[in-house]
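In order, the protein sequences belong to chains A and B. So in our numbering, spot 1 of the first sequence is number 1, and the numbers just go up one at a time. So in our numbering, spot 76 of the second sequence is number 76, and the numbers just go up one at a time.
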Amino acid sequence: MAKYAFLLYEDETVWLQATPEDWDTAMKVHGRFTEQVVEMGGTVLGGEALDPTTTATTVRRDVVTDGPFAETKEAFGGFYLIEARDLDHALAMAKVCPVGDGCVEVRPLMVIPEG
Amino acid sequence: MLAATVRVAVDLDLAEECVQEAYAAALTTWARDGVPRSPAAWLTTTARNRALDARRRAAVLRSKLPLLVEPDMTPEIGSVFPDDRLRLVFTCCHPALAREAQVGLTLRLVCGMTTAEVSRAFLVGEATMAARVTRAKKKIAVARIPYRVPQAHELPDRLDAVLTVVHLLFTTGHTAPGGADLVRADLVERALDLARMLAGLMPDEPEVRGLLGLLLLTDARRAARVDGAGDVVLLADQDRSRWDRAAIDEGAALVAEAMRGRRPGRFTRQAAIAAVHARAASWEETDWPRMVRHYDELLRQWPSPVVELNRAAAVAMAEGPAAGLVAADLIAGQEHLRRYHYLPALRADLLRRLGRLDEASRSYGEAIALVDNAAERRFLQRRLDAVLGQAGAEL
């Protein structure tokens, strides 16, 4: 078996106005997706939702800036899931992440509201 | 008080709410029991207790979240208060926030300005400023920007962001980007308050003294910068007896101390430049060669077209307008300066002094087309009229 990453792109403004029912529905459809993957002979190895891009911080050659700032010729090339004490701790580690002339976008994982 | 509360509340919105509640509680309690011996301490303790309560409720509600309240939270206002303000400043000026958000948050939370006041200061709509501040607060909470003073090894970088915000605030007030008045005194005062506060909280940082010195020395000229009609008077033409001598003495002493540091930073260097002006009896008697040396040093630390432009003006005084023009033309093509009216204004002045009046009037025209501040525009227009008159007389 080979491994693949599914990168989900959506209009995030929709989620900024989501009601508890919307979240409930989202949890259900993603739960259903996980079952479908199994039915289809695959495995979900992991998955997370990210907080919106307004919470993103970009580290490029040691310089920290607000927001997601990949340049158009730069493509999503890989990811690490990091546990850190806080944003400063995460940014310190992002600065040593080997990404050459590119950048690391640091985005908090979403804490799904408990229903 | 907000600073002390936010440490307990963790969330800035909650902290603001608790401070409001404390004021409300004061109204009823003080009316009943009389005003306490230390009203500020009473308010801070009350606001912090509200925050603690709110956080305990939230913690019970979401039982999985650990109680983040630090163990040393007994209300010893005297000792923790300065630290808390410093924490708040570093959080508001965190590099992961956009610069406009840093400035907005600092004014809102450290200086206690209302969103309406902050939006007026920066000539943006109140809704825009409110959205900016809300988004920044949300990012602080969601991305977990820590509420603490950076450690020693991170301090140089982080301190620069804080000083830049205070300096930006000052320059915005010193020469307002638009509107009718040259100076917006409220912003200048806030910036000076912040710089003083930082100098008090971080007495061992030479660059903080350098910044305070820079602001004092620059603001010392305030009374002489506009004439009775509200028109701009250039440094060269100012009545130096109207400069604030007390501010100059204080600023110059701070610069002298800051320059003793291992490697003076850019704010200290700029302050040293301001000190050279402050010491000179007149524009002509200014130590221009020394000024050029300071600018060379500043350019090495902080290469920027704006610094190069100022260096060109100093070169013109030290070596004559022709040399100044050569230095100004070296930077003329830079994209950053395309909309910067001081470049054509400087070129116009140098061309005028060289007697190249046609070129001078064209440059004044370019500068006038770019300038937004009404007082500055009137000044350039007067210069243009004078040059046109002179050119006409020579025909």
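Even for Gly, the Cβ is constructed at its ideal location relative to N, Cα and C. Just so we're clear, the structure is a prediction, and the values are computed from it rather than from any experiment.
(message) Give the list of continuous alpha helix (DSSP H) stretches no shorter than 4 residues that lie fully inside the stretch 18 to 48 of chain A.
(response) 20 to 39
(request) Specify, as a first and last residue, the run of the alpha helix (DSSP H) that Val387 (chain B) falls within. (result) 374 to 394
(message) Measuring only the C-alpha atoms, how far is Glu284 (chain B) from Ser241 (chain B)?
(response) 16 Å
(request) Entirely within the stretch 268 to 311 of chain B and at least 4 residues each: give me those alpha helix (DSSP H) ranges in chain order. (result) 288 to 301
(message) Residues in the same chain with beta-carbon distance under 7 Å from Glu107 (chain A), minus the five sequence neighbours each way, listed in chain order, please.
(response) A small fix is needed here, since residue 107 (chain A) is Arg in this sequence, not Glu. Cβ neighbours of Arg107 (chain A) beyond the five flanking positions: Leu50, Asp51, Thr55, Ala56.
(request) Taking Glu105 (chain A) as the reference, give the member of A:Met27, A:Thr19, A:Ala90 with the closest Cα. (result) A:Ala90
(request) Could you tell me the boundaries of the beta strand (DSSP E) in which Glu359 (chain B) lies? (result) It is not in any beta strand (DSSP E) - Glu359 (chain B) instead sits in the alpha helix (DSSP H) that spans 357 to 370.
(message) When you compare the CB of Asp66 (chain A) with every CB in chain B, is at least one pair closer than 8 Å?
(response) yes
(message) Only counting the same chain, and skipping five residues up and downstream in sequence, which positions put a Cβ closer than 6 Å to that of Gly324 (chain B)?
(response) Ala312, Val315, Ala316, Leu350
(request) Can you tell me which of the three DSSP states Glu12 (chain A) falls into? (result) helix
(request) Verify the CB distance criterion: does Asp24 (chain A) have a CB-CB separation below 8 Å to chain B? (result) no
(request) Report the residues of the stretch 31 to 61 of chain A with a CB closer than 7 Å to any CB of chain B, ordered along the chain. (result) Asp51, Thr54, Thr55, Thr57
(message) I'd like to confirm the pairing. Which residues does DSSP put opposite Arg60 (chain A) in its beta bridges?
(response) A:Val63
(message) Going by the DSSP bridge assignment, what does Leu50 (chain A) pair with across the sheet?
(response) A:Leu109
(message) Taking the straight line between their C-alpha atoms, what separation do you get for Thr164 (chain B) and Val326 (chain B)?
(response) 31 Å
(message) Just checking: is the beta-carbon of Pro108 (chain A) within a distance shorter than 8 Å of some beta-carbon in chain B?
(response) yes
(request) Figure out for me which residue from B:Thr128, B:Gly210, B:Ala136 has the closest Cα to the Cα of Val166 (chain B). (result) B:Gly210
(message) Counting C-beta neighbours from all protein chains within 10 Å, is the total for Leu187 (chain B) 16 or more, i.e. buried, or is it exposed?
(response) buried
(message) Any beta carbon from chain A within less than 8 Å of Leu67 (chain B)'s own beta carbon?
(response) Low confidence applies to Leu67 (chain B): its pLDDT is 31, below 50, so where it sits in the model is not reliable, and the reading given next is rough at best. No, because no Cβ of chain A sits closer than 8 Å to the Cβ of Leu67 (chain B).
(request) Using a Cβ cut-off of 8 Å (strictly closer), state whether Ala143 (chain B) contacts chain A. (result) yes
(message) Let me confirm a value: Ile422 (chain B) is counted as buried when at least 16 other C-beta atoms fall within 10 Å, else exposed. Which label applies?
(response) Since the first residue shown for chain B is 1 and the last is 395, residue 422 (chain B) is missing from the structure and cannot be characterised.
(request) Please confirm if Leu448 (chain B) has its CB atom under 8 Å from at least one CB of chain A. (result) The structure shown does not extend to residue 448 (chain B), since chain B is modelled only from 1 through 395, so no value can be given for it.
(message) Starting from Glu207 (chain B), trace the alpha helix (DSSP H) in both directions and tell me its first and last residue.
(response) 206 to 219
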